[in-house]
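Asks: Structure in structure tokens, see below.
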Amino acid sequence: MKIHALQTGTVRVKDRFLHPSPGRRRQLDLLLPGAWSEPLPIHCWAIEHGGTLLLIDTGETATARDVPFARFDVTVEQELPGALARAGLSLADVSEVVLTHHHGDHVDGVVHVSAPVRVNDVELQFAGTAASRVTRGLLRQPLPRGFAPEPLVLDDGPFGAFSRSRALSDDGRILAVATPGHTPGHISVICIDDEGRHVMLAGDVSDTLEQLHARRADAVGPDPAVHVATLETILAHCTEHATVYLPSHDPGSAARLRESTIVNQPPERTPMHAVVVNLTITDPRAAGRALHEQLVPRVSQAPGFVTGYWTAKGNTALSMSMFETEEAANRMREQAAAGVPAGVVLDGIEVREVVAHA
Ligand SMILES: [Zn+2]
Ligand SMILES: [Zn+2]
């Protein structure tokens, strides 16, 4: 199996699109003046597998009109035929097209395609509703000429963490999964590569990997709760399967495909470790100065430092400094043993695991 990242120009979006305002301003702020992102890629994907060439999305065209929250930069040469040619592929070899959702930057390139085109039936229904038609009219974003896709019904049952799926290849190594949120009928396509990794062509499920990890709904989806549930489902899938996550507009997607970078899990929590120091004070004034001027500043700036307490009773002192990892605590123990300040005698120093704190 070979997966190609095709790019049909770029789009800049409002910052409020990538980081939506909370509550009712979520969609309103998209229409107001605001800062813009760097140019983001408009990707679509070609999959060579088992003698077929499957396209996922078709990219944008040079005729795209800007909207209040997105500015397109696409030349005729960057449209689908040129993008395919740059990957050494030809439109004539395309066996089938599957679209992740009905937005223009994913479907406008179908004007170039004569192969069959399929869209999730739920998405087709949504695109046909009055609300969706009015929005397209207001934004002057008509569906492309000759847009008449066949419905794709996700009736193959669950796949991994996803409740609905549909095989797109005979051997089941390419399949569509339901990822609603950005639009109600949005799908993603998972390709099981030759090493068994799940390469997920995620459309606009999120704009970036960062948004997936942050579990942040976008500004345009009709129901943020549905969107967040889908992001949770994808993260759950990633814990079970090595997954390469490729949203259409993520500037990091092409490199992650090339390097097969899988979605990292949050690191397992390691227990804190404490450095416990026992001292005898021989010169209280010198010891006090050393404590405030040297010891506390040095320890609190050490890598991995969390918190510390320095206590005294009579001529004895006991300190306990917490570190994020055992390694960081060991480093501090070595430093402390090597540099005992004036006015004290070191009686003992050890690293202990923190088993509870409140
Ligand atoms: Zn979209
Ligand atoms: Zn898009």
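Take 310 as the starting number for the sequence shown in the numbering used here and just add one per residue. The beta carbon of each residue, even a glycine, is placed where N, CA and C say it ideally should be.
(1) Using 10 angstroms around the beta-carbon of Gly-490, count the other beta-carbons present and answer buried if the total reaches 16, otherwise exposed.
(2) Taking 7 Å as the cut-off, is the beta-carbon of Ser-702 closer than that to any non-hydrogen atom of ligand 2?
(3) Among Arg-395, Val-385, Leu-544, Glu-459, which has the Cα closest to the Cα of Gly-523?
(4) Answer with buried or exposed for Gln-316, where buried requires no fewer than 16 other C-beta atoms within 10 angstroms of its C-beta.
(5) Return yes when the C-beta of Asp-513 is under 7 Å from any heavy atom of ligand 1, and no when it is not.
(6) Just reading off the alpha helix (DSSP H) that Ser-474 is part of, what are its end residues?
(7) In the DSSP assignment, the alpha helix (DSSP H) including Val-537 goes from what residue to what residue?
(8) At 3 residues or longer, what runs of the beta strand (DSSP E) sit wholly inside the segment 559-647?
(9) Quick one: residues in its chain with C-beta nearer than 7 Å to the C-beta of Ser-474, no 5 flanking neighbours on either side, listed in chain order?
(10) Have a look at Val-605 and Pro-342 and give me their C-alpha separation to the nearest angstrom.
(11) Measure the C-alpha to C-alpha separation of Thr-517 and His-328 and round it to an integer number of angstroms.
(12) What residue range is occupied by the uninterrupted beta strand (DSSP E) comprising Pro-390?
(13) Thr-539 and Val-572 look like a contact to me (Cβ under 8 Å); what is the Cβ gap, rounded to whole Å?
(14) Check the C-beta distance from Ala-379 over to Val-428 and give it rounded, since I have them as a contact under 8 Å.
(15) Can you find a heavy atom of ligand 1 that lies under 7 Å from the Cβ of His-582?
(16) When the Cα of Leu-477 is compared with those of Ala-646, Val-498, Gly-455, which residue comes out closest?
(17) So, at 6 Å on beta carbons, what are the nonlocal neighbours of Asn-587 in its own chain, with the 5 sequence-adjacent residues on each side left out?
(18) Are Glu-459 and Val-426 touching if we call contact CB-CB under 8 Å?
(19) What are the complete alpha helix (DSSP H) segments, minimum 4 residues, inside the segment 393-423?
(20) What span of residues does the beta strand (DSSP E) with Leu-349 cover, start to end?
(21) Look at the alpha carbon of Arg-642 and the alpha carbon of Thr-579, and state the distance between them as a whole number of angstroms.
(22) Which of the three DSSP states, helix, strand or coil, is assigned to Arg-525?
(23) DSSP has Ala-460 in a bridge; who is on the other side?
(24) Go through its chain and collect everything with a Cβ distance to Ser-404's Cβ below 7 Å, but skip five positions before and after it.
(25) Spatial neighbours of Ala-528 within its chain, please: CB distance less than 7 Å, with the 5 preceding and 5 following residues excluded, ordered by chain position.
(26) Determine the burial state of Lys-622: buried for a count of at least 16 other Cβ atoms within 10 Å of its Cβ, exposed for fewer.
(27) For Ala-396 versus His-313, is the C-beta distance shorter than 8 Å?
(28) Between Asp-692 and Thr-370, how many whole angstroms is the CB-CB distance? I'm expecting something under 8 Å.
(29) For Gly-597, tell me which candidate among Pro-650, Asn-639, Thr-616 has the shortest Cα-Cα distance.
(30) Grouping DSSP H, G and I as helix and E and B as strand, with all else coil, what is Glu-659?
(31) What does the alpha-carbon distance come out to for the pair Val-322 and Ala-645?
(32) Kindly indicate which three-state DSSP category Ser-497 falls into: helix, strand or coil?
(33) Find the nearest neighbour of Trp-619 within the set Ala-583, Glu-635, Gly-648, judged by alpha-carbon distance.
(34) Could you check if His-412 belongs to the surroundings of ligand 3, using beta carbon to heavy atom distance under 7 Å?
(35) Taking only heavy atoms of ligand 1 into account, decide whether any of them is closer than 7 Å to the Cβ of His-352.
(36) Given the structure, does Ser-557 come close to ligand 2, in the sense that its CB is under 7 Å from one of the ligand's heavy atoms?
Replies: Straight from the coordinates:
(1) buried
(2) In the structure as shown, the chain starts at 310 and stops at 667, and residue 702 therefore has no counterpart that could be examined.
(3) Just to set this straight, residue 523 is Ala in the shown sequence, not Gly. The shortest Cα separation from Ala-523 among Arg-395, Val-385, Leu-544, Glu-459 belongs to Leu-544.
(4) buried
(5) yes
(6) Run containing Ser-474: none in the alpha helix (DSSP H); it sits in the beta strand (DSSP E), 474-476.
(7) 533-549
(8) 582-590, 614-622, 625-632
(9) Leu-463, Asp-465, Gly-466, Pro-467, Phe-468, Leu-484, Ala-485, Val-486
(10) 49 Å
(11) 11 Å
(12) Pro-390 -> not in any beta strand (DSSP E); alpha helix (DSSP H) instead, spanning 389-395.
(13) 15 Å between Cβ atoms; not a contact.
(14) Rounded, the Cβ-Cβ distance is 21 Å, inconsistent with contact.
(15) no
(16) Val-498
(17) Leu-627, Asp-656, Gly-657
(18) yes
(19) 413-416
(20) 349-358
(21) 19 Å
(22) coil
(23) Here residue 460 turns out to be Pro, not Ala, going by the sequence shown. BP columns for Pro-460 point to Val-428.
(24) Thr-361, Leu-362, Leu-363, Ala-424
(25) Arg-325, Phe-326, Pro-329, Arg-335, Gln-336, Leu-339
(26) exposed
(27) yes
(28) A question about residue 692 goes unanswered here, because the residues of the chain that appear run from 310 up to 667.
(29) Pro-650
(30) strand
(31) 52 Å
(32) strand
(33) Ala-583
(34) In terms of ligand content, the structure shown lacks ligand 3 and carries ligand 1 and ligand 2 instead.
(35) no
(36) yes
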